[in-house]
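For reference, the structure is listed below as structure tokens.
Residue numbers (our numbering): 1 to 251.
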């Protein structure tokens, strides 16, 4: 492969992509009884980019707060939705666009990530666990189980910093999705790079809303896997709590 000319490399890559596209299963994990989210509203992000970077700060102290449905919807769609619905460059060059692009990058544009949200206090939503279907940009209730803040502490190895948060997001990855395109054993590393990108995008977006967040990668995998109903080919990579508070990094 290393001895291929530029033209040979491009031809080989396009042929490989064409061969595997039929095996891509983009079927969402849940599709029944969708809950429609509000439209993404750019006007609610009122902080300029410089101030967002300056204001970004991990918060470990939340207060009871009802998160607006509009802000909740916009945050999910901005980070996990198909933000770039078309690509003018691909269209101009006659390249078939098999998938849509998000605000965070993904190796091979595969996007193996999924988003589960446990809602505690969000306008118009009942408490419970939801799955975000990024294709239809809808929510789906996926469990009747309840997660108290005390249970969440246990799940997070005793960390209590998410107490009183409005909702908690579980960023997961479908590892088998990466192997659809990249067959080598090291391909899983892409998912951790992407998890970092999504973490940062989520942080900055929450900050741009003027809300507080806290994130962690320290949790009990088995407990989270069972709660979310993940298969052996899926893993949780980080957990993020969002809400309102005084912004204290040291509670």
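Cβ atoms here follow ideal geometry from the backbone N, Cα and C, with glycine treated the same way.
Checklist entry - According to DSSP, which residues form a beta bridge with residue 36? => result 138
Checklist entry - residue 178 and residue 110 look like a contact to me (Cβ under 8 Å); what is the Cβ gap, rounded to whole Å? => result 6 Å
Checklist entry - Quick check: the region 74 to 81 against the region 36 to 56, are there 3 or more CB pairs under 8 Å? => result yes
Checklist entry - Is the region 54 to 63 in contact with the region 230 to 238, if contact means three or more CB pairs nearer than 8 Å? => result In short, these stretches do not touch, since the Cβ pair count stays below three.
Next on the checklist: Please tell me whether residue 117 and residue 169 are closer than 8 Å, where the distance is taken between their beta carbons.
Outcome noted: Pairing residue 117 with residue 169 gives a Cβ-Cβ distance under 8 Å.
Checklist entry - Going straight from the alpha carbon of residue 182 to that of residue 192, what length do you get? => result 15 Å
Checklist entry - For residue 217, which option in 246, 165, 186 and 158 has the closest C-alpha, if you only look at C-alpha atoms? => result The residue from 246, 165, 186 and 158 with its alpha-carbon nearest to that of residue 217 is 158.
Next on the checklist: Once DSSP output is grouped into helix, strand and coil, what is the label at residue 213?
Outcome noted: strand
Checklist entry - Considering only residues of the same chain and omitting the five flanking positions on each side of residue 130, which have a CB-CB separation below 8 Å? => result 35, 116, 117, 118, 119, 139, 140, 141 and 142
Checklist entry - Looking only at C-alpha atoms, which of 69, 200, 162 and 17 sits nearest to residue 241? => result Relative to residue 241, the option among 69, 200, 162 and 17 whose CA is nearest is 162.
Item to check | Of the residues 59, 62, 89 and 136, the one placed nearest residue 83, counting alpha carbons only | outcome: 136
Checklist entry - Which residues share a DSSP beta bridge with residue 245? => result In DSSP, residue 245 forms a bridge with 62.
Checklist entry - Hey, quick one: how far does the beta strand (DSSP E) through residue 108 stretch, first residue to last? => result Neither: residue 108 is in no beta strand (DSSP E) and is coded neither H nor E.
Next on the checklist: I'd like to confirm the pairing. Which residues does DSSP put opposite residue 168 in its beta bridges?
Outcome noted: 118 and 241
Item to check | residue 205 versus residue 18 - alpha carbon distance | outcome: 35 Å
Checklist entry - Does the beta-carbon of residue 172 have 16 or more other beta-carbons within 10 angstroms, so that it is buried, or is it exposed? => result buried
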